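Shown next, in structure tokens, is the structure this report addresses.
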Amino acid sequence: MAQITMPHDHGQEIEKILDKLPTQEECAQVAEIFKQISDGTRLRILWLLCHCEECVSNIAAAMEMSDPAVSHHLKLLRGSGLIVSRREGKEVYYKLADTAQAQLLHHVCEEMFQISCPLK
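Numbering (the numbering used here), first residue to last: 608 to 727.
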């Protein structure tokens, strides 16, 4: 990061902090992830997919929603990199992505919901 001159010196060594300040692009990427999980339905779907791989119809049944509505949410979650999909015949199966961010969200969900992972 370029050296920034602060208009006021409050003795808090802000320059050291600014050296670690995430870029606008990094913040936009993280904000997109938070945007996806800010929707209760997507959060429920994500929690489910943290624990199993499932097809659209079964996810829709579990969420008590239509297949097209669930497909919309899955598309958004997949676009943010939180879930991945694979095709087997006519079925498409979804599960949590094997990334550090997705695993962190799994852990955060467990803590926030005060639920132990059912597969542990």
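Here a beta-carbon is modelled for each residue, glycine too, at the ideal position from N, C-alpha and C.
All of these numbers come straight from a predicted model, not from anything done at the bench.
Query raised in the report: Since Ile621 is in the alpha helix (DSSP H), which residue starts that stretch and which ends it?
Result: Position 14 of the sequence shown, counting from 1, holds the residue named residue 621. Start and end: Ile621 to Leu625.
Query raised in the report: How should Arg649 be labelled, buried or exposed, when 16 other C-beta atoms within 10 angstroms of its C-beta is the threshold for buried?
Result: In the sequence shown, the residue the question calls residue 649 occupies position 42. Classification of Arg649: buried, given that the 10 Å Cβ count is 16 or more.
Query - Helix, strand or coil at Leu653 according to DSSP, with G and I counted as helix - result: Residue numbering aside, residue 653 sits at position 46 when the sequence shown is read from its first letter. DSSP places Leu653 in helix when its eight states are reduced to three.
Report task. Would you mind giving the Cβ-Cβ distance between Val691 and Lys682, rounded to the nearest angstrom? I have them listed as a contact below 8 Å. Result -> On the sequence shown, residue 691 is found 84 positions in, with the first residue counted as 1. On the sequence shown, residue 682 is found 75 positions in, with the first residue counted as 1. Contact doesn't hold; Cβ gap of about 13 Å is too wide.
Requested in this report: Pull up the CB-CB distance for Leu653 and Leu684, whole angstroms please, since I reckon it's below 8 Å.
Outcome: Residue 653 sits at position 46 when you count from the first residue of the sequence shown. Residue 684 sits at position 77 when you count from the first residue of the sequence shown. Yes, they are in contact, since the Cβ atoms of Leu653 and Leu684 sit about 6 Å apart, within 8 Å.
Query raised in the report: Which two residues bound the contiguous alpha helix (DSSP H) that contains Ser678?
Result: On the sequence shown, residue 678 is found 71 positions in, with the first residue counted as 1. Asp674 to Gly686 is the span of the alpha helix (DSSP H), which, as asked, contains Ser678.
Report task. Count the CB pairs spanning the stretch 707-722 and the stretch 659-669 that are closer than 8 Å, and state whether there are at least three. Result -> no
Query raised in the report: Taking C-beta to C-beta, are Gln643 and Ser687 nearer than 7 Å?
Result: On the sequence shown, residue 643 is found 36 positions in, with the first residue counted as 1. On the sequence shown, residue 687 is found 80 positions in, with the first residue counted as 1. In contact: Gln643 and Ser687 (Cβ atoms closer than 7 Å).
**Report entry** Three-state secondary structure (DSSP) of Glu695
**Finding:** To locate residue 695, count along the sequence shown from 1; it is residue 88. Residue state, collapsed to three classes: strand.
Requested in this report: Express the C-alpha separation of Glu717 and Met672 in angstroms, rounding to a whole number.
Outcome: In the sequence shown, residue 672 corresponds to position 65, counting from 1. In the sequence shown, residue 717 corresponds to position 110, counting from 1. Those two C-alpha atoms are separated by around 23 Å.
Query - C-alpha gap between Gln631 and Val637, whole angstroms - result: As a working mapping, residue 631 is identified with position 24 in the sequence shown. As a working mapping, residue 637 is identified with position 30 in the sequence shown. Approximately 10 Å, taken between the alpha carbons.
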